[in-house]
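Since the structure comes first, as structure tokens, the remarks are kept for the end.
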Amino acid sequence: MKISEIYKNKKRTLSFEIFPPKKDSRLDNIDDTLDVLAELSPDFISVTFGAGGSSNCNRTIELAKKIKYKYGIEPVVHLTCLHYDSAEIEEFARVLNAEGIENVLALRGDKSDKVPEKNVFRHSSDLINFLKPGYDFCFLGACYPECHPESPDRVSELRHLKYKVDAGAEALISQLFFDNDAFFNFNEECKIAGIDVPVIPGVMPVINAAQIKRMISMCNASFPERFQKIIRRYEDNKEALFDAGMSYALSQIIDLLVSDIPGIHLYTMNNPAVARRICEGIKNIV
Ligand code: FAD
Numbered sequence: 093m094k095i096s097e098i099y100k101n102k103k104r105t106l107s108f109e110i111f112p113p114k115k116d117s118r119l120d121n122i123d124d125t126l127d128v129l130a131e132l133s134p135d136f137i138s139v140t141f142g143a144g145g146s147s148n149c150n151r152t153i154e155l156a157k158k159i160k161y162k163y164g165i166e167p168v169v170h171l172t173c174l175h176y177d178s179a180e181i182e183e184f185a186r187v188l189n190a191e192g193i194e195n196v197l198a199l200r201g202d203k204s205d206k207v208p209e210k211n212v213f214r215h216s217s218d219l220i221n222f223l224k225p226g227y228d229f230c231f232l233g234a235c236y237p238e239c240h241p242e243s244p245d246r247v248s249e250l251r252h253l254k255y256k257v258d259a260g261a262e263a264l265i266s267q268l269f270f271d272n273d274a275f276f277n278f279n280e281e282c283k284i285a286g287i288d289v290p291v292i293p294g295v296m297p298v299i300n301a302a303q304i305k306r307m308i309s310m311c312n313a314s315f316p317e318r319f320q321k322i323i324r325r326y327e328d329n330k331e332a333l334f335d336a337g338m339s340y341a342l343s344q345i346i347d348l349l350v351s352d353i354p355g356i357h358l359y360t361m362n363n364p365a366v367a368r369r370i371c372e373g374i375k376n377i378v
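Going letter by letter, the sequence shown gives residues 93 to 378 in the working numbering.
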């Protein structure tokens, strides 16, 4: 079922993001996580797509098929375009279509010094514009409550996001954030900018110090003092940081759920312990 159809009957969705296991490990390694996630009957599970040149892309499709046909849950396949030409994108789309995949998160992909850009698709909206006439996918797009790192300012960010929605993105999934006010403000700005599709907040439970450092270098997310205090206090205590990180994420999720938002998208990092703890914490709320 298309995500746009789900929103016709439901005001709020619960969804998860997973990534395909590395090529040298078994695809079944993800089953423990999927078993836990399936217990909460999510509306969809999205599967990431390796950055350009990654040989793991077929695994994205394999995993999406498993989610759809073994677990009976709707998959959303991420598809990046910056490092592919039209023929390559056409081939991915043909396979997705043949496998009965209906939902595509259309992405540009990150720029990389190691992988040359093909200069065919410059923005995610180019990908949607290219595929929409030939394929009946429901397209979703990414959004950034605290701005994409390449954006000069918030006005340009919102203008470009509106292009994406006008091209055909029927729902948006947000970059992670640790300050809910950043999301609430962004949500209001989207409405003012005439972006009238569901804007789904993405929440990532932070559970280890290495992951936090990676987050700081990769995304624009601000780190509220309340969150920094947790890191300072527990960064050398793995178990305590796990507990505190999960509690922080749960408090973020509950605050979002009691507000007027169209769903929660949880970045699971394929970690069954994370999935289990979050699911346990919200099972009577969603
Ligand atoms: P775009 O929408 O193209 O935006 C990129 C930049 O270009 C922004 O600064 C935007 O303001 C600007 N822009 C957009 N349109 C225009 C225009 N018409 N004119 C001028 N400027 C414009 N990466 C992966 O490799 N694999 C994944 O599976 C993956 N999944 C993700 C899932 C989510 C929910 C999110 C938030 C990100 C994900 N990413 C993934 C990362 C994503 O590829 C990067 O953030 C990338 O840098 C931008 O992708 P985008 O689709 O948002 O790009």
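Even for Gly, the Cβ is constructed at its ideal location relative to N, Cα and C.
- With DSSP run on the structure shown, which of helix, strand or coil describes C311? C311 sits in coil when the DSSP states are folded into three classes, being neither helix nor strand.
- Task: Could you give the DSSP three-state label for C230: helix, strand or coil?
- Result: Of the three classes helix, strand and coil, the one that applies to C230 here is strand, per DSSP.
- Message: Using a Cβ-Cβ cutoff of less than 6 Å, which residues in the same chain neighbour P237 once the five nearest sequence positions on both sides are dropped?
- Response: Cβ-Cβ distances below 6 Å link P237 to S266, F269, A274, F275, F278 in the same chain, with the five nearest sequence neighbours on each side left out; the list follows chain order.
- Query: Does the Cβ-Cβ distance between K160 and I193 come in under 9 Å?
  - Reply: A contact, by the Cβ cut-off of 9 Å.
- Nearest-angstrom Cα separation, counted from E331 out to C371: Cα-Cα distance, rounded: 19 Å.
- Considering only C-alpha positions, which residue in the set S117, C173, I95, E166 is nearest to R151? With distances taken between CA atoms, R151 lies nearest to S117 out of S117, C173, I95, E166.
- Message: Quick check on this structure: which residue in A156, K206, L174 has the alpha carbon closest to the alpha carbon of V187?
- Response: Minimum Cα distance to V187 is reached at A156.
- Query: Got a sec: does the ligand FAD put a non-hydrogen atom nearer than 8 Å to the Cβ of G392?
  - Reply: Because the chain in this structure spans residues 93 to 378, residue 392 falls outside the shown range and cannot be described.
- I153, DSSP secondary structure in three states: Annotated three-state conformation of I153 is helix, per DSSP.
- Query: Exposed or buried, which one is G233 when buried takes at least 16 other CB atoms within 10 Å?
  - Reply: Here G233 is buried: its Cβ has 16 or more other Cβ atoms, across all protein chains shown, within 10 Å.
- Apart from the five residues just before and just after L106, which ones in its own chain have a Cβ nearer than 7 Å to its Cβ? Hits under 7 Å: L132, P134, D135, G355, I356, V378.
- Item | Cβ neighbours of L119 in the same chain (closer than 8 Å, five flanking residues each side left out) | The beta carbon of L119 is closer than 8 Å to those of P112, P113, R151, E154, L155, K158 in its chain, skipping five residues each way along the sequence.
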